[in-house]
Amino acid sequence: MDAVDGADAPQDVNPEPHRSRARERAVAYLGRISYSGLAVATAFLWFSATPSLLPRGPLFQGIVSGAAAAVGYCLGAFFAWLVRFMLSRDRRWPSPPWYLWAALGVIFAVGTSVMFYWYSVWQTEIRSLMKVDQLSWTAYPLIIVVSVVVFVLLMVIGQLWAALVVWSVRKLNRFAPPRISAVAGATVIVLITVFILNGVVANYSMKWLNASFAAANDETDATTSAPTTTVRSGGPGSLVTWGSLGREGRRFVANGPDVQQLSAFNGAPAMEPIRAFVGLGSGNDLRANATLAADELVRAGGLDRAVVAIGSATGSGWLNKATVDSLEYMYNGNVATVSMQYSYLPSWLSFLVDSERARQAGSALFEAVDARIQQLPEGRRPKVVVFGESLGSFGAEAAFGTVPTVVARTNGALFVGPTFNNQLWSDATAARDPGSPQVLPIYDDGRHVRFIADASDLNRPDTPWLDPRVVYLQHASDPIAWWSPRLILNEPEWLKEEHGRDVLGAMTWMPFVTFLQVSADMAVSVSVPDGHGHNYLSAIPYSWADILQPPGWTQDKTERLLPLLHRD
1 MDAVDGADAP
11 QDVNPEPHRS
21 RARERAVAYL
31 GRISYSGLAV
41 ATAFLWFSAT
51 PSLLPRGPLF
61 QGIVSGAAAA
71 VGYCLGAFFA
81 WLVRFMLSRD
91 RRWPSPPWYL
101 WAALGVIFAV
111 GTSVMFYWYS
121 VWQTEIRSLM
131 KVDQLSWTAY
141 PLIIVVSVVV
151 FVLLMVIGQL
161 WAALVVWSVR
171 KLNRFAPPRI
181 SAVAGATVIV
191 LITVFILNGV
201 VANYSMKWLN
211 ASFAAANDET
221 DATTSAPTTT
231 VRSGGPGSLV
241 TWGSLGREGR
251 RFVANGPDVQ
261 QLSAFNGAPA
271 MEPIRAFVGL
281 GSGNDLRANA
291 TLAADELVRA
301 GGLDRAVVAI
311 GSATGSGWLN
321 KATVDSLEYM
331 YNGNVATVSM
341 QYSYLPSWLS
351 FLVDSERARQ
361 AGSALFEAVD
371 ARIQQLPEGR
381 RPKVVVFGES
391 LGSFGAEAAF
401 GTVPTVVART
411 NGALFVGPTF
421 NNQLWSDATA
431 ARDPGSPQVL
441 PIYDDGRHVR
451 FIADASDLNR
461 PDTPWLDPRV
471 VYLQHASDPI
481 AWWSPRLILN
491 EPEWLKEEHG
501 RDVLGAMTWM
511 PFVTFLQVSA
521 DMAVSVSVPD
531 GHGHNYLSAI
541 PYSWADILQP
551 PGWTQDKTER
561 LLPLLHRD
């Protein structure tokens, strides 16, 4: 039996050559890893755990951490290459000795454990501040897994891109000196990458997104049905069909307080509010649609109402219900609201890729409605107010080149959750009175324009507030308001000054990392309670009450109105 076993057994089993080859492969692989890249990646990973504007769950924390580490690695490796390039050193730096690798590993393990602890402390603090659920212990393994997956994925993409650069440099070495071909090769690959992303990828992505959201636009909520009244678009006598309004347009005209609800609230007979809307189903020409919306407003009798509210919607046509409903309650239905759709995309996508259409739509709609109103005798003209939220605030500003123009051409304005693209908002913030912070500026001593985070700020500053009145409603924790590409390399004023009332003092700026953090915050900006992030509700009726000062309206009525209001 022993003989048989011996015959079958391997004659020469020596594990040393296999171990030696494994060590050689490991050493060769480590030799290709940038020590400086890993060092900077470690620092970026730690900074990614610091607090930003909103609570971050495990998924988005993992994405931010993995992306930050990948960016840090690329920066560290690039600067090491740049130093070598500037010193005219063609060969790579020798790999650091093993003890430096070991030291980096120990520092990484200890430092990351410490940052996990502080991440937990900061998340507990910000979640308590905003009254959202605390993280469970399962969040931390998920953060690790997501971080590793994102880091590895981005590193693979980066290595493939670097391999293309090396390939192009080798090809160019046949015709040019190595240093020239290195710069030229990298430049060529960068240009090709930009062309592919901006041209091919962006073009086909936009086609796919538009097709997908156009299908969603055709859907109708089960709770909405075509109006049976002539004062709503899509109803009897309307210039537009029910099907052309789009999903958000149909929700807008089908909802809102009815005559019975208004009468019961105000204790007096109410009028049925007018709601005019034009969707992309009426065509893709924004100027023609704006003209049609103005004609629809006139048809419904909107110019005979006490107030005409011109609302600039988000891309898909969404309007905050609380903004429209508040006006209708305050004037007991004696209000006409008009708006239009300019995109199939939701707000955050329109914000990134479709903001020019928002500007064109906002300007065209105001000019079309204003032209109809100017034809009336001065004594018969209704009050005109403009409003918009998020990208809608950008569109609502578009018809006015300056803040004084808003004051001159309207009877009031409410801009909610402005974006970094809002020109008038940026101009007024830049021209704020000395000593007032960027997150809550005072402009022109508060004569016509007030910046508020909640209703208590409407009396800030304690100076006369002249008519017409303009309000910018913005939260210090709203990433839509404070996100900007400049965050990549520039520390914003709102982080240099004393932080806003719902932003942790521990939030600091770090190149690249803060940009990634605030970008992730945008994705969950409406997932926090009212009064934080991009969730606006309770301050809206107080703002309208102070802007328009409706006859017979009191603060008690505003407080009774609040429970009746909803965003969607």
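Going by the UniProt record's numbering, the letters in the sequence shown line up with residues 1 to 568, in that order.
Just so it is clear, CB atoms sit at the ideal spot from N, CA and C, and this is done for glycine as well.
Alpha carbon to alpha carbon, how far is residue i from residue j?
| i | j | result |
| --- | --- | --- |
| residue 343 | residue 317 | 8 Å |
| residue 217 | residue 488 | 35 Å |
| residue 491 | residue 452 | 23 Å |
| residue 79 | residue 441 | 40 Å |
| residue 10 | residue 188 | Confidence in residue 10 is poor, its pLDDT being 46 and thus under 50, which makes the residue's placement unreliable; the coordinate value appears in the next sentence. If I take the Cα positions, the gap works out to 55 Å. |
| residue 400 | residue 444 | 18 Å |
| residue 109 | residue 247 | 51 Å |
| residue 550 | residue 435 | 33 Å |
| residue 234 | residue 506 | 52 Å |
| residue 288 | residue 371 | 14 Å |
| residue 515 | residue 485 | 7 Å |
| residue 565 | residue 529 | 14 Å |
| residue 130 | residue 113 | 26 Å |
| residue 330 | residue 560 | 12 Å |
| residue 135 | residue 534 | 21 Å |
| residue 477 | residue 126 | 11 Å |
| residue 297 | residue 432 | 37 Å |
| residue 537 | residue 568 | 10 Å |
| residue 346 | residue 358 | 12 Å |
| residue 553 | residue 326 | 12 Å |
| residue 380 | residue 369 | 15 Å |
| residue 351 | residue 406 | 23 Å |
| residue 166 | residue 160 | 10 Å |
| residue 162 | residue 118 | 35 Å |
| residue 586 | residue 164 | Nothing in the structure corresponds to residue 586, since the chain is present only between 1 and 568. |
| residue 450 | residue 563 | 25 Å |
| residue 463 | residue 321 | 31 Å |
| residue 191 | residue 185 | 10 Å |
| residue 172 | residue 153 | 29 Å |
| residue 304 | residue 133 | 49 Å |
So residue i packs on residue j, CB below 8 Å; how close in whole Å?
| i | j | result |
| --- | --- | --- |
| residue 556 | residue 532 | No, residue 556 and residue 532 are not in contact; Cβ-Cβ is about 26 Å, not under 8 Å. |
| residue 66 | residue 148 | 7 Å |
| residue 279 | residue 245 | 4 Å |
| residue 438 | residue 494 | 5 Å |
| residue 517 | residue 146 | About 15 Å; that fails the 8 Å criterion. |
| residue 254 | residue 225 | 6 Å |
| residue 51 | residue 504 | 5 Å |
| residue 54 | residue 525 | 7 Å |
| residue 341 | residue 249 | 6 Å |
| residue 336 | residue 362 | Their Cβ separation, rounded to whole angstroms, is 18 Å, which puts residue 336 and residue 362 out of contact at 8 Å. |
So, for residue i: in the same chain, excluding its five sequence neighbours on each side, which residues have a beta-carbon less than 7 Å away from its beta-carbon?
| i | result |
| --- | --- |
| residue 270 | 259, 262, 263, 332 and 333 |
| residue 454 | 531 and 539 |
| residue 558 | 541, 542 and 545 |
| residue 522 | 348, 479, 480 and 483 |
Who are the Cβ neighbours of residue i in its own chain at under 8 Å, not counting the five residues just before and after it?
| i | result |
| --- | --- |
| residue 74 | 37 and 158 |
| residue 426 | 420 |
| residue 3 | Here the model assigns residue 3 a pLDDT of 41, short of 50, so the residue's position is not dependable and the matter cannot be decided. |
| residue 422 | 393, 394, 397 and 415 |
Using beta-carbon positions only, say whether residue i and residue j come within less than 7 Å of one another.
| i | j | result |
| --- | --- | --- |
| residue 230 | residue 237 | yes |
| residue 257 | residue 328 | yes |
| residue 265 | residue 323 | no |
| residue 293 | residue 338 | yes |
| residue 384 | residue 410 | yes |
| residue 513 | residue 47 | yes |
| residue 49 | residue 115 | yes |
| residue 308 | residue 418 | no |
| residue 274 | residue 300 | yes |
| residue 34 | residue 103 | no |
| residue 424 | residue 448 | no |
Here's a check: name, in chain order, each residue in its chain whose Cβ is nearer than 6 Å to the Cβ of residue i, leaving out the five neighbours to either side.
| i | result |
| --- | --- |
| residue 139 | 58 |
| residue 142 | 58 |
| residue 69 | 41, 44, 45 and 151 |
| residue 360 | 286 |
| residue 60 | 520 |
| residue 62 | 143, 146 and 147 |
Looking at residue i and the ligand COA, is the gap between the Cβ and the nearest heavy atom below 6 Å?
| i | result |
| --- | --- |
| residue 411 | The ligand COA is not among the ligands present in this structure, which contains no ligands whatsoever. |
Flag residue i as yes if its beta-carbon sits less than 7 Å from any beta-carbon of chain B, otherwise no.
| i | result |
| --- | --- |
| residue 427 | The displayed structure is made up of one protein chain only, and chain B is not part of it. |
Original post:
Taking three-plus beta-carbon pairs below 8 Å as touching, is the stretch 397-415 in contact with the stretch 465-473?
Top reply: These segments touch.
Original post:
Between the stretch 34-45 and the stretch 116-124, do at least 3 Cβ pairs fall closer than 8 Å?
Top reply: no
Subject >> At least 3 beta-carbon pairs within less than 8 Å: the stretch 388-397 vs the stretch 311-326 >> reply: yes
**OP:** Kindly confirm or deny that the stretch 382-392 and the stretch 448-463 touch, where touching means at least three C-beta pairs closer than 8 Å.
**Re:** no
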